[in-house]
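Data block below; observations after.
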Amino acid sequence: MDTILNDLDFINNLVNIIHINLSIFIFALNGLILYVITKKLKLDTIELKFVFLLCVLEIFAGLCYNSLGVFKLINGYTFLAPNNTPCIIYAYISGTLIRSEFIIVSMLALWRYLAVVHEYKLGLKLLVIITIAGMLPTIVTYLYGLINMDARPYSSYVICAPLTSPGKLSAILNTIGTILLMLPCWITTYCYFFIGWKANKKLNLMKVEANINNNEVALRAIKIQKISLVLQIIMVFILYNVNIMVTVVTYFMRLTTGYKRPPFFDAIAYEMLIVTFTLNPIITVSFQPEIKNEIQFIFIKLHARIKNAIRRSTTNE
């Protein structure tokens, strides 16, 4: 069984199919969000502009993962080889995109945290400056690997890692890259935890008022909101801590003890990272009432149309 699980053909055929399907999900999800924020909400706030940027990056990433999955299904996992052009390009794109998007997500979380918890709204210029300052170390770090044509496949051959040449500089740059992965995730977790805490306090006050007025409808609605809030915070913790820490911990194990992830575990660790990356827009929108309400309204209308179509077809029969 272990031999089958660690077979590179098996791993890559499975992961390629997952990536192609994930890319379709990315296109559909982000296309819907872009439609809502451009056609319904008109990009009229700082927050919506950053969500727009997030969705554009997601779609670009979806194109990359879709193309990589197709190329590897056609050519086999050896499409990625040490220091060959596809390996270098996909290593740089993947490493830079993931970290850059996590920075955008953390900036959105920070903007909301300051607005909700401290009632202070960052201006667009300042937010852009902070975001660019956060992205620059990532771009420079991985640009070094791109310029030096330095990239090798992970043990699973799912994707390539930049900066793999032995030496202190590569180790330092990889450590910086790992820290740049952790920090935005921790900022996002902290911000959304306190946004949730603030929202929960408001719900508790509303619950007291509903109890005084004996309003059963309001109490049920508050209970649903509380459950939804708890689920959101749990999802944030899992996606930005549990999923990410597998990659972070195993990297530092490799740095200190020479640990090398077996191919199947390596693929799982990377896919956990990609799942977080893919679900970034859902987490972001779940804390954005305007977009969330518009999307819910679209699905309510769609559900009503489907029911009407089914009713008409059964009536005609």
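Residue numbers (my numbering): -16 to 300. Backbone N, C-alpha and C define an ideal beta-carbon position, used for all residues, glycine too. From a predicted model like this one, the values you see are computed outputs, not experimental measurements.
### Whole runs of the alpha helix (DSSP H) within the segment 171 to 242, excluding any shorter than 4 residues
199 to 220 and 226 to 240
### Message
Counting C-beta neighbours from all protein chains within 10 Å, is the total for Trp94 16 or more, i.e. buried, or is it exposed?
### Response
One-based indexing of the sequence shown puts residue 94 at position 111. Trp94 comes out buried.
### Query
Roughly how many angstroms lie between the CA atoms of Leu51 and Val111, to the nearest whole one?
In the sequence shown, counting from the first residue as 1, residue 51 sits at position 68. In the sequence shown, counting from the first residue as 1, residue 111 sits at position 128. Their Cα atoms are separated by approximately 31 Å.
### Query
Helix, strand or coil: how does DSSP classify Pro136 here?
Within the sequence shown, the letter at position 153 stands for residue 136. It is a strand residue.
### Query
How many Å lie between Ile274 and Leu26 at the Cα?
Locating residue 274 in the sequence shown gives position 291, counting from the first residue. Locating residue 26 in the sequence shown gives position 43, counting from the first residue. Those two C-alpha atoms are separated by around 11 Å.
### Task
List the whole-angstrom C-beta distance separating Ala193 from Ala201, where the pair is believed to meet the contact cut-off of C-beta under 8 Å.
Indexing the sequence shown from 1 puts residue 193 at position 210. Indexing the sequence shown from 1 puts residue 201 at position 218. Right, the Cβ-Cβ distance comes to about 4 Å (below 8 Å), so this counts as a contact.
### Message
Suppose the cutoff is 7 Å on Cβ atoms and the five residues either side in sequence are ignored; what does the same chain contact list for Leu31 look like?
### Response
Here residue 31 is taken as the residue at index 48 of the sequence shown, counted from 1. Excluding residues within five positions, the ones whose Cβ falls inside 7 Å are Ile20 and Leu24.
### Query
What's the C-alpha gap between Thr61 and Gln215?
On the sequence shown, residue 61 is found 78 positions in, with the first residue counted as 1. On the sequence shown, residue 215 is found 232 positions in, with the first residue counted as 1. For Thr61 and Gln215, the gap between their C-alpha atoms comes out near 40 Å.
### Query
Using 8 Å as the Cβ pair cut-off and three pairs as the minimum, do the segment 67 to 78 and the segment 124 to 139 touch?
At 8 Å Cβ cutoff, the stretches touch.
### Residues bridged to Pro145 [DSSP beta-bridge criterion]
Sequence index remark: in the sequence shown, residue 145 carries index 162 (1-based). Per DSSP, Ala134.
### Query
Quick one: what does DSSP say Met282 is sitting in, helix, strand or coil?
For the purposes of this step, residue 282 is identified with residue 299 of the sequence shown, where counting begins at 1. Correcting the residue identity first, residue 282 is Phe in this sequence and not Met. It is helical.
### Message
Nearest by alpha-carbon distance to Pro167: which of Ser211, Leu212 and Val219 is it?
### Response
In the sequence shown, counting from the first residue as 1, residue 167 sits at position 184. It is Val219 whose Cα lies nearest to the Cα of Pro167.
### Task
For Val100, I'd like the list of residues in its chain whose CB is within less than 6 Å of its CB, leaving aside the five on either flank, ordered along the chain.
Your numbering for residue 100 matches position 117 in the sequence shown. Here the set comprises Phe177 and Lys181.
### Task
In the DSSP assignment, find the alpha helix (DSSP H) that holds Gly78 and state where it starts and stops.
Locating residue 78 in the sequence shown gives position 95, counting from the first residue. Following the DSSP letters along the chain, one finds Gly78 inside the alpha helix (DSSP H) bounded by residues Thr68 to Val100.
### Message
Which same chain residues end up closer than 7 Å to Thr259 when comparing Cβ atoms and leaving out the 5 residues on each side of it in sequence?
### Response
Numbered from 1 along the sequence shown, position 276 holds the residue referred to as residue 259. Excluding positions up to five away in sequence, the list reads Leu222, Tyr223, Asn226 and Ile227.
### Task
Whole angstroms is fine: what's the gap from Leu97's alpha carbon to Leu91's?
Translated into positions along the sequence shown, residue 97 becomes position 114. Translated into positions along the sequence shown, residue 91 becomes position 108. Cα to Cα, Leu97 sits roughly 10 Å from Leu91.
### Task
Rounded to whole angstroms, what's the CA-CA distance from Gly179 to Val213? Just pull it up for me.
By one-based count along the sequence shown, residue 179 stands at place 196. By one-based count along the sequence shown, residue 213 stands at place 230. Taking the straight line joining both Cα atoms gives about 8 Å.
### Task
Tell me whether the beta-carbon of Pro246 lies closer than 9 Å to the beta-carbon of Arg135.
Numbered from its first residue, the sequence shown carries residue 246 at position 263. Numbered from its first residue, the sequence shown carries residue 135 at position 152. At the C-beta level, Pro246 and Arg135 stay beyond 9 Å of one another.
### Query
Thinking C-beta only, is Asn291 closer than 9 Å to Leu238?
Taking the first residue of the sequence shown as position 1, residue 238 is located at position 255. Taking the first residue of the sequence shown as position 1, residue 291 is located at position 308. Cβ atoms of Leu238 and Asn291: not closer than 9 Å.
### Task
Output the boundary residues of the alpha helix (DSSP H) element that contains Thr267.
Taking the first residue of the sequence shown as 1, we reach residue 267 at position 284. Its alpha helix (DSSP H) spans residues Pro246 to Ser269.
### Task
Output the distance between the C-alpha atoms of Thr297 and His286, rounded to the nearest integer angstrom.
Counting from one through the sequence shown, the residue named residue 297 turns up at place 314. Counting from one through the sequence shown, the residue named residue 286 turns up at place 303. Taking the straight line joining both Cα atoms gives about 17 Å.
### Message
Am I right that Ser77 and Ile142 are in contact with their C-beta atoms under 8 Å? What's the rounded C-beta distance?
### Response
As a working note, residue 77 is residue 94 in the sequence shown. As a working note, residue 142 is residue 159 in the sequence shown. Sure, about 5 Å apart at Cβ, within 8 Å.
### Query
From Lys284 to Tyr173, what does the alpha carbon distance come to, in whole angstroms?
Locating residue 284 in the sequence shown gives position 301, counting from the first residue. Locating residue 173 in the sequence shown gives position 190, counting from the first residue. Distance between the alpha carbons of Lys284 and Tyr173: 36 Å.
### Message
I'd like the span of the alpha helix (DSSP H) that includes Leu5, first residue to last.
### Response
Against the sequence shown, residue 5 aligns to sequence position 22. Note, Leu5: alpha helix (DSSP H), Leu(-9) to Tyr18.
### Task
Closer than 7 Å by C-beta to Ile(-13): which residues in its own chain qualify, once you throw out the five before and the five after it? Chain order, please.
Here residue -13 refers to the residue found at position 4 when the sequence shown is read from its first residue. Excluding sequence positions up to five before and after Ile(-13), its CB lies within less than 7 Å of the CB of Phe(-7), all in the same chain and listed in chain order.
### Query
Do Ile57 and Asn13 come within 9 Å of each other at the CB atom, strictly closer than that value?
For the purposes of this step, residue 13 is taken as residue 30 along the sequence shown, with counting starting at 1. For the purposes of this step, residue 57 is taken as residue 74 along the sequence shown, with counting starting at 1. No, the pair does not count as a contact, with Cβ atoms beyond the cut-off.
### Query
Tyr137: which of Arg288, Arg295, Asn4 and Leu(-9) sits nearest, CA to CA?
Reading the sequence shown from its first residue, position 154 is the one you call residue 137. Closest in alpha carbon position to Tyr137, among Arg288, Arg295, Asn4 and Leu(-9), is Leu(-9).
### Message
Only counting the same chain, and skipping five residues up and downstream in sequence, which positions put a Cβ closer than 7 Å to that of Lys243?
### Response
Walking along the sequence shown from the start, residue 243 turns up at place 260. Counting only Cβ-Cβ distances below 7 Å, and skipping sequence neighbours, we find Ser138 and Arg237.
### Query
What separation, rounded to the nearest whole angstrom, lies between the Cα atoms of Tyr308 and Glu199?
A question about residue 308 goes unanswered here, because the residues of the chain that appear run from -16 up to 300.
### Message
Please return the same chain residues whose Cβ sits closer than 7 Å to the Cβ of Ser89, not counting the five positions on each side in sequence.
### Response
Translated into positions along the sequence shown, residue 89 becomes position 106. Closer than 7 Å at the Cβ level, and outside the excluded window around Ser89, lie Pro167, Ile170 and Thr171.
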